[in-house]
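Asks: Protein sequences appear in the order of chains A and B. All letters in the first sequence, in the order written, are residues 7 to 387 by this note's numbering. All letters in the second sequence, in the order written, are residues 2 to 163 by this note's numbering. C-beta atoms are modelled at their ideal positions from N, C-alpha and C, and glycine is treated no differently. All values reported here derive from a predicted model rather than from experimental measurement. My questions all concern the structure below.
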Amino acid sequence: MEKIYLDNAATTPVAREVLDAMMPYFSEKYGNASSIHSFGTEAKEALEDAREKIANKLNANPYEIVFTSGGTESNNLALKGAALSNRKKGNHIITTKIEHGSVLKPCKWLEKLGFDVSYLDVDEYGLVDPENFENSIRDETIMVSVIHGNNEIGTIQDIDEIGKIAREKEIYFHIDACQSFTKTGINVETQNLDMVTINSHKIYGPKGIGALYIREGVKVDPLIHGGGHERKLRAGTENIPGIVGFAKAAEITTPGDVEKMRELRDYLIKRIINEIPNSNLIGHPQKRLCNNANFTFKFIEGESMLMLLDQAGICVSTGSACSSHALKPSHVLLATGIPPEDAHGSLRLSPGKYNTLEEMDYTVVNLKKIVGRLRELSPFK
Amino acid sequence: MYSEKVIDHFTNPRNAGELKNPDGVGLAGNPVCGDVMKITIKVRKENCKDFIDDVKFKTMGCAAAIATSSMVTELAKGKTINDAMKITRIDISDALCGLPQVKMHCSNLAADALNEAIYDYMSKRNLTIPDDLESRHKKTIKETEGTGHKHDDADAPVDECG
Ligand SMILES: Cc1ncc(COP(=O)(O)O)c(C=O)c1O
């Protein structure tokens, strides 16, 4: 059976071109970028070339890119690093109720250290109200951290507005752009961004590599101490194959890829909403990631849908509690005001650039059958 | 994560549906928590004993919820109501070759729904309800109304796969 992978928001396969670019750096060009000899120089060149490519994608200076082990580490560095480094200024941090765990958990940890965190509400589409953000700013506010494209519901925040306010009020602005990087424009200058989290495995690059853009002059304490790598902000011998792969992945993305994903997404949304009764799109109808389609199906539960789809070779994800370890549905779905009983019936389909329209057809046909079958079993109508 | 037996009962559930004119109806679970089970039974009298002649289930829930519902109907069918009310969550999970720890509450629900159906039957017939069954009934009702199953906001789960 051919499998259909519709979980590209969780991770993507490594593109052929990316793998080819990485290979020599495992076996032949294995130097340590800190070494002075030719092997080291070769690695250092690859490292700086990659830094430049990543910086270009954000309209940043190469110097402002710090490579890390991925989105989780970048978010930790941004939140904890900036909070700890700016304690003199204040103890207040602003974020939202729909962040990824790698922002929420550092915030919870900072609260234990005495920081005060405001979690901004979102509307039914998952959008933060910039005015609400402005009103929550205090004299002690150090930074605001906002998820740019939401990994669950796909909503893209209006960061231009938030950036303007943050700059005016002189507080740092961090975005978690793991989902949006290369999918929607990010410009650190015009959007007034001070820190940007990005990673590689969502864009057809390898896992375990990412970066944090840190604007020159923004004060951040390192979390990992050791050698003087990465502007002394992230010690440890650089993962050159990963970094080369990450840069290659960023380099090869085209507007055509984005267009293709959007087409697949819109096709899925249209057919599912039209053909499956009591199905609803979650997130914003327009301001959404090109690879995110997320629905609730009434009267049934997400994990059982996911498992039957998997049996049909279709791989998706759900925000239902039954798929997690706690008995509560996703905090993101609940923040948008979806009742818990509906949130349990959520399903995220995330197409990627290697999917086809035929696969979407196969998916819709099977999803229809599966929803029907589970509703047949359900005591609700 | 699931045993083959669980997958089998989830994929090909036994006794799915709802009996017409049932002698007892049992409900357990809460939509807010993502799983609700409804069990209907028909009871036959033989040699002064009440046997569960037929039993069907309807369930909204995860794979484990569906598999445990299916299994509890298999275990209960043909048993006397006295024996059926002794079916525990351990019996159900054992019969399914085990359940992941986080899914044990599904097994609980299945046993509760069956007990509720038996309770309903016995109270309609004015039969003497054993203390055990009475106290389980009270607990199940509480949970079904959503008061017994509080969630803690402070420890919201966090998506671990992207
Ligand atoms: C929005 C968001 N932030 C952070 C992460 C974590 O990134 P990583 O898996 O590279 O640690 C992910 C995905 O995994 C994500 O979707």
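(1) At the level of alpha carbons, what is the spacing between methionine 2 (chain B) and proline 101 (chain B)?
(2) Determine whether the Cβ of glutamine 317 (chain A) lies closer than 8 Å to any Cβ atom of chain B.
(3) I'd like the list of long-range same chain contacts for valine 73 (chain B), defined as Cβ closer than 6 Å, with 5 residues on each side in sequence excluded.
(4) Output needed in chain order: residues of the region 64-77 of chain B with a Cβ under 9 Å from some Cβ in chain A.
(5) Under 8 Å, with one C-beta from each stretch per pair, do the region 292-301 of chain A and the region 159-177 of chain A reach the 3-pair mark?
(6) Quick one: using the 10 Å Cβ neighbour count with 16 as the cut-off for buried, is aspartate 11 (chain A) buried or exposed?
(7) Relative to the C-alpha of histidine 154 (chain A), which candidate in A:Lys266, A:Val194, A:Lys374 has its C-alpha closest?
(8) In the DSSP assignment, the beta strand (DSSP E) including phenylalanine 303 (chain A) goes from what residue to what residue?
(9) If the cut is a Cβ gap below 7 Å, which residues of chain E does methionine 61 (chain B) touch?
(10) How should valine 322 (chain A) be labelled, buried or exposed, when 16 other C-beta atoms within 10 angstroms of its C-beta is the threshold for buried?
(11) Relative to the C-alpha of isoleucine 119 (chain B), which residue among B:Lys78, B:Cys63, B:Cys34 is closest?
(12) Taking Cβ-Cβ distances shorter than 8 Å, what residues in chain B pair up with glutamate 347 (chain A)?
(13) In angstroms with no decimal places, state the Cα-to-Cα distance between aspartate 263 (chain A) and serine 80 (chain A).
(14) For the candidate residues A:Trp115, A:Gly378, A:Asn286, whose alpha-carbon lies nearest to that of alanine 89 (chain A)?
(15) In chain order, which continuous runs of the alpha helix (DSSP H) of length 4 or greater are located wholly inside the region 108-181 of chain A?
(16) Enumerate in chain order the residues of its own chain whose CB-to-CB distance from phenylalanine 11 (chain B) is below 7 Å, with the five nearest sequence positions on each side excluded.
(17) State the Cα-Cα distance for the pair glutamate 48 (chain A) and isoleucine 42 (chain A), rounded to the nearest angstrom.
(18) Considering Cα atoms alone, identify which of A:Ile168, A:Glu117, A:Arg57, A:Asp272 is closest to asparagine 138 (chain A).
(19) Histidine 337 (chain A): beta carbon under 7 Å from a heavy atom of ligand 1?
(20) In chain B, which residues lie with their C-beta within 9 Å of the C-beta of methionine 313 (chain A)?
(21) Evaluate contact between the region 91-107 of chain A and the region 263-272 of chain A, counting only Cβ atoms and requiring at least three cross-stretch pairs below 8 Å.
(22) In three-state DSSP terms, what is arginine 45 (chain B)?
(23) Just the Cα atoms here: how many angstroms apart are glutamate 222 (chain A) and valine 202 (chain A)?
(24) Run through the DSSP bridge pairs and tell me what asparagine 205 (chain A) is partnered with.
(25) Indicate whether at least one CB of chain A lies closer than 8 Å to the CB of alanine 17 (chain B).
(26) Got a sec? Which residues, its chain only, sit under 6 Å from lysine 104 (chain B) by beta carbon, not counting five neighbours each side?
(27) My parser needs the beta strand (DSSP E) runs of 3 or more residues fully inside the region 5-60 of chain B; what are they?
(28) Check whether the Cβ of isoleucine 153 (chain A) lies closer than 7 Å to any heavy atom of ligand 1, and answer yes or no.
(29) Taking only three categories from DSSP, how would you classify threonine 78 (chain A)?
(30) Under 8 Å by Cβ, that's how I've got lysine 374 (chain A) and isoleucine 282 (chain A) pegged, so tell me the actual separation to the nearest angstrom.
(31) Which residues share a DSSP beta bridge with arginine 354 (chain A)?
(32) How many whole angstroms separate the CB atoms of isoleucine 275 (chain A) and leucine 287 (chain A), which I take to be in contact at a CB cut-off of 8 Å?
(33) Write down the C-beta distance between serine 108 (chain A) and isoleucine 215 (chain A) rounded to the nearest angstrom, noting that I regard them as a contact closer than 8 Å.
(34) Which value, in whole angstroms, describes the spacing of the CA atoms of threonine 369 (chain A) and asparagine 361 (chain A)?
(35) In its own chain, which residues sit with a C-beta less than 6 Å from the C-beta of cysteine 98 (chain B), not counting the 5 before and 5 after it?
(36) Please check if any C-beta of chain B sits within less than 8 Å of the C-beta of alanine 327 (chain A).
Replies: Quick answer:
(1) Position 1 of the second sequence, counting from 1, holds the residue named residue 2 (chain B). Position 100 of the second sequence, counting from 1, holds the residue named residue 101 (chain B). Cα to Cα, the separation comes out at about 7 Å.
(2) On the first sequence, position 311 is the one that residue 317 (chain A) refers to. Yes, glutamine 317 (chain A) lies at the interface with chain B (some Cβ there is under 8 Å from its Cβ).
(3) Sequence index remark: in the second sequence, residue 73 (chain B) carries index 72 (1-based). Contacts found: Ile93, Ala111, Leu115.
(4) Residues of the region 64-77 of chain B with a C-beta atom less than 9 Å from some C-beta of chain A are Ala64, Ala65, Ala66, Ile67, Ser70, listed in chain order.
(5) yes
(6) Position 5 of the first sequence holds residue 11 (chain A). Per the sequence shown, the amino acid found at residue 11 (chain A) is tyrosine instead of aspartate. Buried.
(7) Counted from its first residue, the first sequence places residue 154 (chain A) at position 148. Out of A:Lys266, A:Val194, A:Lys374, A:Val194 has the C-alpha closest to the C-alpha of histidine 154 (chain A).
(8) In the first sequence, the residue the question calls residue 303 (chain A) occupies position 297. That run of the beta strand (DSSP E) goes 299-303.
(9) Given the protein chain composition of this structure (A and B), no chain E is represented.
(10) Along the first sequence, one-based indexing puts residue 322 (chain A) at 316. By the neighbour-count rule (16 or more Cβ atoms within 10 Å), valine 322 (chain A) is buried.
(11) Translated into the one-based positions of the second sequence, residue 119 (chain B) becomes position 118. Looking at the Cα atoms, B:Lys78 is the closest of the given residues.
(12) Within the first sequence, the letter at position 341 stands for residue 347 (chain A). Correct list: Pro32, Val33, Gly35.
(13) Working through the first sequence from its first residue, we reach residue 263 (chain A) at position 257. Working through the first sequence from its first residue, we reach residue 80 (chain A) at position 74. Cα-Cα distance, rounded: 26 Å.
(14) Here residue 89 (chain A) refers to the residue found at position 83 of the first sequence. The option with the nearest alpha carbon to alanine 89 (chain A) is A:Trp115.
(15) 136-142, 165-174
(16) One-based indexing of the second sequence puts residue 11 (chain B) at position 10. Excluding positions up to five away in sequence, the list reads Ala64, Ile67, Ala68.
(17) The residue labelled residue 48 (chain A) in the question sits at position 42 within the first sequence. The residue labelled residue 42 (chain A) in the question sits at position 36 within the first sequence. Rounded to whole angstroms, glutamate 48 (chain A) to isoleucine 42 (chain A) spans 10 Å at the Cα level.
(18) Mapped onto the first sequence, residue 138 (chain A) falls at position 132. Distance check between asparagine 138 (chain A) and each of A:Ile168, A:Glu117, A:Arg57, A:Asp272 places A:Ile168 closest, using alpha-carbon atoms only.
(19) Residue mapping note: residue 337 (chain A) aligns to position 331 of the first sequence, counting from 1. Result no, Cβ not under 7 Å from ligand 1.
(20) Position 307 of the first sequence, counting from 1, holds the residue named residue 313 (chain A). Scanning chain B for C-beta atoms nearer than 9 Å to the C-beta of methionine 313 (chain A) yields Tyr3, Ile8, Phe11, Thr12, Cys63, Ala64, reported in chain order.
(21) no
(22) Numbered from its first residue, the second sequence carries residue 45 (chain B) at position 44. Reduced to three states, the DSSP call for arginine 45 (chain B) is strand.
(23) As a working note, residue 222 (chain A) is residue 216 in the first sequence. As a working note, residue 202 (chain A) is residue 196 in the first sequence. Going from the Cα of glutamate 222 (chain A) to the Cα of valine 202 (chain A) covers about 13 Å.
(24) Along the first sequence, read from residue 1 onward, the residue named residue 205 (chain A) stands at position 199. BP columns for asparagine 205 (chain A) point to A:Gly216.
(25) As a first step, residue 17 (chain B) is located in the second sequence; it is residue number 16 there, counting from the start. Output row for alanine 17 (chain B): interface = yes.
(26) The count along the second sequence starts at 1 and reaches residue 104 (chain B) at position 103. Excluding its 5 nearest sequence neighbours in each direction, lysine 104 (chain B) has C-beta neighbours in its own chain below 6 Å: Ala65, listed in chain order.
(27) 25-31, 36-47
(28) Along the first sequence, one-based indexing puts residue 153 (chain A) at 147. Isoleucine 153 (chain A): yes, Cβ under 7 Å from ligand 1.
(29) Indexing the first sequence from 1 puts residue 78 (chain A) at position 72. It is helical.
(30) For the purposes of this step, residue 374 (chain A) is identified with residue 368 of the first sequence, where counting begins at 1. For the purposes of this step, residue 282 (chain A) is identified with residue 276 of the first sequence, where counting begins at 1. At roughly 6 Å, the Cβ-Cβ gap stays under 8 Å, so lysine 374 (chain A) and isoleucine 282 (chain A) are in contact.
(31) Translated into the one-based positions of the first sequence, residue 354 (chain A) becomes position 348. Answer is A:Asn300, A:Ser323.
(32) Taking the first sequence and counting its residues from 1, one reaches residue 275 (chain A) at position 269. Taking the first sequence and counting its residues from 1, one reaches residue 287 (chain A) at position 281. Right, their Cβ atoms sit about 6 Å apart.
(33) Numbered from 1 along the first sequence, position 102 holds the residue referred to as residue 108 (chain A). Numbered from 1 along the first sequence, position 209 holds the residue referred to as residue 215 (chain A). Not quite, the Cβ-Cβ distance comes to about 15 Å (not below 8 Å), so this is no contact.
(34) Locating residue 369 (chain A) in the first sequence gives position 363, where the first residue counts as 1. Locating residue 361 (chain A) in the first sequence gives position 355, where the first residue counts as 1. Near 11 Å, if we compare the C-alpha coordinates of asparagine 361 (chain A) and threonine 369 (chain A).
(35) Start at 1 with the first residue of the second sequence, and residue 98 (chain B) comes out as number 97. Taken in chain order, the residues that qualify are Ser4, Lys6.
(36) Numbered from its first residue, the first sequence carries residue 327 (chain A) at position 321. Yes, contact with chain B.
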